[in-house]
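Taking it in order: structure first as C-alpha cells, then the write-up.
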Amino acid sequence: MESQALALIDNSAKHQRSPPGASPDIAPSSDQLRRAFPVMNIATISSGFEKGDFLVREEKGQRVYFDFFEEAFNYIAYKGYIRMTGEDEKEWMDTMNIVHASVKGGMKYNTGKLLMVLYKPLAGEEEGYSN
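So the sequence shown is numbered by our numbering: it starts at 32 and just counts up by one.
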C-alpha cells in the first residue's frame, strides 16, 4: 500500500509543477512524483522566547531551547537537517505566517520570529533525492 502524505496545495498556475520529463496530459507514477517532490521532515529555528533566545522545532513536535544561534544550528545540522534554498524557504515561511495569522484572537502560545526553515528527506527516500 502506498504511503500518503499531507500537502499544502496552491492551485494557482504559478505553482503547477510536473516531474521533469513528464507530459502534462499523462498522470505521473508515484515513483516519478517521489523523485521530483520528495517527502521530507522540516525543522525551524525561531527567536524571541523566555526559556532561551532560540527555539528549534523538529519532527514529532519536539522543542529545544538554546541561548545562542550557533548552538541551535549545530544541534539541528547534526541531526541531518539542511537549510532550504531561498525560494522554498520563503514559501514555507509565508505559509507558516499565514497559518499563524489565521487564528482568531492570535496564537495561544508565542510563536516567536521564524528565522530559518530546514529539511531532511525521510529515511528510505534519500537514494532518489538530489539537492
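Even glycine gets a Cβ: it sits at the ideal position worked out from N, Cα and C.
Tell me whether residue i is buried or exposed, calling it buried when 16 or more other Cβ atoms sit within 10 Å of its Cβ.
i    : result
S77  : buried
V130 : exposed
T142 : buried
A108 : exposed
Rounding to the nearest angstrom, what Cα-Cα distance links residue i and residue j in this structure?
i    : j    : result
W123 : L145 : 10 Å
D98  : M147 : 16 Å
K82  : Y96  : 7 Å
A132 : Y140 : 13 Å
A74  : E89  : 4 Å
M138 : N105 : 28 Å
D84  : F100 : 8 Å
E118 : M71  : 16 Å
Hey, out of the options, whose CA is closest to residue i's CA?
i    : options                 : result
R114 : E81, F80, V87 and G83   : V87
K110 : E120, Q93 and D119      : Q93
Y150 : I57, T116, E102 and F80 : T116
L153 : E102, Y112 and A103     : Y112
Between which residues of its own chain and residue i is the CB-CB distance below 6 Å, once the five residues before and five after are set aside?
i    : result
E120 : V148
G79  : G143 and K144
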